[in-house]
């Protein structure tokens, strides 16, 4: 996926650096913002996102915590409803279920249950992605599970610029936001606007314009969609890519406008197909554009199995570029693409 060339108003950085820039600038702007999590202070975070923040802002605003995700998120809920703006780091998305009661029953519902009188301005950041060596306990893609809890906003940055802009929007949001950060994207470099820069939550973006078929996707799968589109362009097939950026709320308008133009859609997700975000997206497209579609909505997603350790098994579990190309070519061979 090509990044725009850097300009004097931008700075090249990796996604971890962009996330750190967002945290640093917002902590400097708003003294209510503080960071907590396992190894976020002295060690600088498992992935280096919080490196240097404790030295800059002190131990009272960058807190190392015990290994208890339930306690972490519960503390964040209490701090948020009392006027603070906590940012929690959960090292692996696999560990979010340990705090499910605090997230789903408390953070997500306080605003509604109090008739809008109580706000819960908190952010939970976590890393996800099925990867070799991570195994069943450290490489799950469970983002789709959290769309079932109204009151939680869910973001998923794909570029360093989006990482900064979305995280700033999340910290400033008056209610809880989950930020899923793909392991596969941490090392990606790109231009990031300097200064105060936000990306609205709930707004997708067309990463690549095309006319023959729309791929709706998010996270690390955007890179695979782009690689597939490069191969398909050589075959005369022009692919459009919609990057969701936010899973809740969904930008239905951008998704439907794209598919209405191309009249064909593939939904590509790194999470399990059954009950995941791919099912919701396929239903959305079918229900709103059934009479306009020139073929069925195709879903490509991960196998519904615990993530294995073995690299070949991981490769077999998650979607790859070849699967996307094959799916498009099957539609073309069936006369679905002119």
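In this note's numbering, the protein residues as written are 207 to 544. Yeah, the Cβ is synthetic: ideal placement off N, Cα and C, and Gly gets one too. Please read all numbers here as calculations on a predicted model, not as lab measurements.
Since residue i contacts residue j with CB under 8 Å, what's their CB separation in whole angstroms?
i: residue 372; j: residue 361; result: 5 Å
i: residue 476; j: residue 335; result: 7 Å
i: residue 407; j: residue 452; result: 5 Å
i: residue 510; j: residue 480; result: 5 Å
i: residue 412; j: residue 343; result: About 36 Å; that fails the 8 Å criterion.
i: residue 259; j: residue 302; result: Rounded, the Cβ-Cβ distance is 23 Å, inconsistent with contact.
i: residue 504; j: residue 491; result: Actually they do not touch by this definition, with Cβ atoms about 11 Å apart.
i: residue 466; j: residue 418; result: Not really, about 14 Å apart at Cβ, beyond 8 Å.
Using the Cα positions of residue i and residue j, report the straight-line distance between them to the nearest angstrom.
i: residue 249; j: residue 272; result: 14 Å
i: residue 458; j: residue 468; result: 16 Å
i: residue 423; j: residue 431; result: 8 Å
i: residue 396; j: residue 224; result: 9 Å
i: residue 287; j: residue 319; result: 13 Å
i: residue 356; j: residue 381; result: 11 Å
i: residue 297; j: residue 244; result: 7 Å
i: residue 208; j: residue 525; result: Low local confidence applies: a pLDDT of 45 at residue 208 is under 50, so the model's placement there is unreliable, and no value is given.
i: residue 210; j: residue 365; result: Caution applies to residue 210, whose pLDDT of 46 falls short of 50 and renders its modelled position unreliable; the value that the coordinates give is listed next. Distance between the alpha carbons of residue 210 and residue 365 is about 11 Å.
i: residue 564; j: residue 325; result: Nothing can be reported for residue 564, as the shown portion of the chain is limited to 207 through 544.
i: residue 496; j: residue 348; result: 29 Å
i: residue 414; j: residue 455; result: 22 Å
i: residue 493; j: residue 529; result: 25 Å
i: residue 534; j: residue 428; result: 16 Å
i: residue 253; j: residue 420; result: 33 Å
i: residue 274; j: residue 315; result: 22 Å
i: residue 257; j: residue 312; result: 30 Å
i: residue 385; j: residue 363; result: 8 Å
How about residue i and residue j: do their beta carbons lie closer than 7 Å?
i: residue 560; j: residue 461; result: Summary: the structure shown does not reach residue 560, with the chain confined to residues 207 through 544, and so no result is reported for it.
i: residue 377; j: residue 227; result: no
i: residue 391; j: residue 426; result: yes
i: residue 444; j: residue 401; result: no
i: residue 439; j: residue 387; result: no
i: residue 450; j: residue 410; result: yes
i: residue 220; j: residue 393; result: yes
Among residues of its own chain, excluding the 5 on either side of residue i, which ones have a beta-carbon nearer than 7 Å to its beta-carbon?
i: residue 399; result: 215, 216 and 367
i: residue 308; result: 276, 279, 280 and 283
i: residue 236; result: 291
i: residue 337; result: 345, 389 and 520
i: residue 222; result: 253, 254, 255 and 392
Please work out which residues of its chain come closer than 8 Å, Cβ to Cβ, to residue i, disregarding the five sequence neighbours upstream and downstream, and give them in chain order.
i: residue 218; result: 212, 395, 396, 397 and 398
Would you say residue i faces chain B, with C-beta separation under 7 Å as the test?
i: residue 381; result: No chain B is part of this structure, which consists of one protein chain only.
Leaving out the 5 sequence neighbours to the left and right, which residues in its chain are closer than 6 Å to residue i when beta-carbon positions are compared?
i: residue 353; result: 453 and 454
Original post:
Pairing CB atoms from the region 281-296 with CB atoms from the region 325-342, are three or more of them under 8 Å?
Top reply: yes
Original post:
Is there contact here, the region 259-272 with the region 237-244, by at least three beta-carbon pairs under 8 Å?
Top reply: yes
Original post:
Would you say the region 482-499 touches the region 432-448, given that touching needs at least three Cβ pairs under 8 Å?
Top reply: No, the region 482-499 is not in contact with the region 432-448.
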